[in-house]
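K.L.:
Taken in order, the sequence shown gives residues 35 to 422; the numbers are from my numbering.
Yeah, the Cβ is synthetic: ideal placement off N, Cα and C, and Gly gets one too.
Quick one: structure below, then a few questions.
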Amino acid sequence: MADYTPKPEHKFTFGLWTVGNPGRDPFGEPVRQRPQPHELVHLLGEVGAYGVNFHDNDLVPIDANPTERDQILKDFRQALDATGLVVPMATTNLFADPIFKDGAFTSNDVRVRAFALQKTMQAIDLGVSLGARTYVFWGGREGTEIDASKNPVDAIKRYREAINFLTAYVIDQGYDLKFALEPKPNEPRSDIYLPTVGSLLAFITTLDHPEMVGVNPEVAHEHMAGLNFLHAVAQAWEAGKLFHIDLNDQKFARYDQDFRFGAEMIKQAFYLVKFLEDVGYTGMRHFDAHAYRTEDLEGVKDFARGCMRTYLILKDKAARFNADTEIQQLLAEINADDGSFSFLNDGFSPQAAQRLREASFDRPGLGARGLAYERLDQLTVEILLGVR
Ligand code: GLT
Ligand code: MN
Ligand code: MN
35 MADYTPKPEH
45 KFTFGLWTVG
55 NPGRDPFGEP
65 VRQRPQPHEL
75 VHLLGEVGAY
85 GVNFHDNDLV
95 PIDANPTERD
105 QILKDFRQAL
115 DATGLVVPMA
125 TTNLFADPIF
135 KDGAFTSNDV
145 RVRAFALQKT
155 MQAIDLGVSL
165 GARTYVFWGG
175 REGTEIDASK
185 NPVDAIKRYR
195 EAINFLTAYV
205 IDQGYDLKFA
215 LEPKPNEPRS
225 DIYLPTVGSL
235 LAFITTLDHP
245 EMVGVNPEVA
255 HEHMAGLNFL
265 HAVAQAWEAG
275 KLFHIDLNDQ
285 KFARYDQDFR
295 FGAEMIKQAF
305 YLVKFLEDVG
315 YTGMRHFDAH
325 AYRTEDLEGV
335 KDFARGCMRT
345 YLILKDKAAR
355 FNADTEIQQL
365 LAEINADDGS
375 FSFLNDGFSP
385 QAAQRLREAS
395 FDRPGLGARG
405 LAYERLDQLT
415 VEILLGVR
């Protein structure tokens, strides 16, 4: 029987805002009390997490005075010491305060843009002081309801100026910190700029310090847009830009449900875990999700344990898939290569082009052959259903 106990080497992390989510939604009041940050660290220690992440204001409320701030930080550090949890990632809340109602970095108002930069510099200082090496940017308010209000080209330029300013700030401070930009297509804005992983990968190439900036894809956010999350993650990985990942679950085409990892689309979750494990992703496995609104604090622990346990079960299933001789036989047949086109391996040359011109193909035969994907998929499903 495999061991599904979370261990530090699994790099399972949670945000303060995830296990601290009080269950408020647009139609209903909170159903749980929000524990103090240091209490949440103890809760995460109890369930076996490796690390804790936070927005500046998850930890220090926006209106806290210096005495309150010092006390909160003291309690938080003590809880980290007591539990052994680390802080791998931090981020800025650039969405909750009314000042950000029409955007932060992309606001039309230069005072709002400047405040967003100032707040982020301070939040970076806070995160780094607690050990963060990755800094996430989720531009929840960077969008529009009416496109008469903002020039979308200006918005992208402002976003770029902000990220350029902040990478230069990090270099100037001598911090060891990378940025991970997180896309989302909509919610809370009607439309959010840079809505998908692909948009961000293109945007990053236009920055002053692209080497410092990658992406933080979230399952739910690509699923909201009806996209294949595995493909987005694979593209980010192949580009060397998978700096962080937000794991959760979600039905397609809904609001941002942020369900427990593996709660809905078990097959997609399986392929994702298999991918991360197969390629040797060494970053954090961050669960950006929260317990159902039906839950009390015990339910929150069930939620957190469930995220990690499901990940580890799927990791075990991925190992079974890789060790399954029938599946591997099918994959070998699908990928068989008799070497007859090895002259294409080095790309274009006039000689290769000439040989290709002369090549003949059994077009009807290649089109008619069966690929046995029905069998391959059924074998995969049987692994997931536990009969293989
Ligand atoms: C917010 C959002 C998440 C982001 C967090 C980081 S905040 O909960 O829905 O997807 O990752 O800002
Ligand atoms: Mn997220
Ligand atoms: Mn989300």
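Taking all protein chains shown into account, do 16 or more other C-beta atoms lie within 10 angstroms of the C-beta of residue 223, making it buried, or fewer, making it exposed?
P.N.:
buried
K.L.:
Skipping 5 residues on each side, what residues in its chain have a beta carbon closer than 7 Å to that of residue 89?
P.N.:
51, 125, 126, 127
K.L.:
Heavy atom of ligand 3 less than 7 Å from the Cβ of residue 298, yes or no?
P.N.:
no
K.L.:
I need the straight-line Cα distance from residue 147 to residue 199, nearest angstrom please.
P.N.:
12 Å
K.L.:
Is residue 170 near ligand 1, with its Cβ less than 7 Å from a heavy atom?
P.N.:
Between ligand 1 and residue 170, a heavy atom-to-CB distance of less than 7 Å is present.
K.L.:
Let me make sure I understand the geometry here. Which of 245, 188, 236 has the alpha-carbon closest to that of residue 213?
P.N.:
245
K.L.:
Considering residue 243, what are the terminal residues of the alpha helix (DSSP H) in which it resides?
P.N.:
Run containing residue 243: none; DSSP gives neither H nor E here.
K.L.:
Where residue 206 and residue 195 are concerned, what is the direct C-alpha to C-alpha distance, given to the nearest angstrom?
P.N.:
16 Å
K.L.:
So is residue 352 buried or exposed if we call it buried at 16+ other beta carbons inside 10 Å?
P.N.:
buried
K.L.:
Is residue 65 helix, strand or coil by DSSP?
P.N.:
coil
K.L.:
Considering only DSSP beta bridges, list what residue 120 is partnered with.
P.N.:
Looking at the DSSP assignment, residue 120 forms a beta bridge with 85.
K.L.:
Could you name each continuous alpha helix (DSSP H) segment of 4 residues or more that falls completely within the stretch 93–165, going from the start of the chain to the end?
P.N.:
Within the stretch 93–165, the complete alpha helix (DSSP H) runs of at least 4 residues are 100–117, 144–163.
K.L.:
Does the stretch 40–56 come within contact of the stretch 312–332, defined as at least 3 CB pairs closer than 8 Å?
P.N.:
A contact exists between the stretch 40–56 and the stretch 312–332.
K.L.:
State yes or no: is the C-beta of residue 252 nearer than 7 Å to some heavy atom of ligand 3?
P.N.:
yes
K.L.:
Is it true that the CB of residue 253 sits closer than 8 Å to the CB of residue 283?
P.N.:
Closer than 8 Å, so yes.
K.L.:
Assuming residue 216 is part of the beta strand (DSSP E), what are its boundary residues?
P.N.:
212–216
K.L.:
Who are the Cβ neighbours of residue 433 in its own chain at under 7 Å, not counting the five residues just before and after it?
P.N.:
Residue 433 cannot be examined here, being either before or after the span of the chain that is shown, 35 to 422.
K.L.:
Kindly list the residues whose CB is nearer than 6 Å to the CB of residue 109, restricted to its own chain and excluding five residues on each side of it in sequence; keep chain order.
P.N.:
72
K.L.:
Compute every distance between the C-beta of residue 125 and the non-hydrogen atoms of ligand 1, then say whether any falls below 7 Å.
P.N.:
yes
K.L.:
Grouping DSSP H, G and I as helix and E and B as strand, with all else coil, what is residue 372?
P.N.:
coil
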